[in-house]
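Under the numbering used here, the sequence shown has 882 at position 102, and the numbering climbs by one with no breaks.
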Amino acid sequence: MNNIKQTIAKVLRDESDVRAATEPYQADFPYDRDEEAQVTRREFCNFLGLTSAALFLGAGGFAAKAALDARKSESLSAARIEGAETLTRNGSLNFSYPTERDSAILIRTSDGTYHAYGQKCTHLSCPVYYSRDHQRLECPCHDGAFDAATGKVLYGPPPRALDAIEVEIRGGQVWATGRRASADERAS
Numbered sequence: 781m782n783n784i785k786q787t788i789a790k791v792l793r794d795e796s797d798v799r800a801a802t803e804p805y806q807a808d809f810p811y812d813r814d815e816e817a818q819v820t821r822r823e824f825c826n827f828l829g830l831t832s833a834a835l836f837l838g839a840g841g842f843a844a845k846a847a848l849d850a851r852k853s854e855s856l857s858a859a860r861i862e863g864a865e866t867l868t869r870n871g872s873l874n875f876s877y878p879t880e881r882d883s884a885i886l887i888r889t890s891d892g893t894y895h896a897y898g899q900k901c902t903h904l905s906c907p908v909y910y911s912r913d914h915q916r917l918e919c920p921c922h923d924g925a926f927d928a929a930t931g932k933v934l935y936g937p938p939p940r941a942l943d944a945i946e947v948e949i950r951g952g953q954v955w956a957t958g959r960r961a962s963a964d965e966r967a968s
């Protein structure tokens, strides 16, 4: 204990000379400043340039893959929407399309036409519902609204229209035949 106090006192006295102050610890923690590798400005800039180039190429690769994937058109099988024939005007029906995990909503407007959309709001994926009183699709989470006939944003935070589901009438039955992501931003 006495030895530690003497060493601390010596370190505090010898504060101006770091080598002399650290000499008692050199055996336990060998460190030679003369052999320390100094990084030059040129080496550091080369490292930054190469790292930046690698990150840029990686991001370019991901962008190219996304562009190729976007070109591929996904063929979806047609599916009958159960109960759509009994849907009254100005009414709605929830169904799943293209898989059981994808919720969708079918709307029959007051003029009798059918429109279907993915049920997830394009803002934060809250489920939208059809408001009969206002004849529009509404998102209860952040007060957004979509046009029932086009799926375009009427107001609120959603950045784009709802994903549309193509519907056909076949022999008096309503069928979902495809789904397309909307690129439209807002209704005019």
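From the three backbone atoms N, C-alpha and C, an ideal C-beta is built for every residue, glycine too. Since the model is a prediction, treat every value here as computed from it, not as a measurement.
I need the boundaries of the beta strand (DSSP E) containing residue i, first residue and last residue.
i: Ser872; result: Gly871 to Ser876
i: His895; result: Tyr894 to Gly898
i: Ile885; result: Ser883 to Arg888
i: Leu867; result: No beta strand (DSSP E) contains Leu867, which DSSP labels as neither H nor E.
i: Ala956; result: Gln953 to Arg960
i: Asp927; result: Gly924 to Asp927
Check residue i in the structure and name its three-state DSSP category.
i: Arg912; result: coil
i: Gln818; result: coil
i: Glu946; result: strand
i: Phe809; result: coil
i: Pro937; result: coil
i: Glu918; result: strand
i: Ala858; result: coil
Evaluate residue i with the Cβ neighbour count: other Cβ atoms within 10 Å of its Cβ, from every protein chain shown; 16 or more gives buried, anything less gives exposed.
i: Gln818; result: exposed
i: Ala956; result: buried
i: Pro938; result: buried
Quick test of the definition: if touching needs 3 or more C-beta pairs under 8 Å, does the segment 853-863 touch the segment 834-842?
no
Quick check: the segment 818-838 against the segment 913-933, are there 3 or more CB pairs under 8 Å?
no
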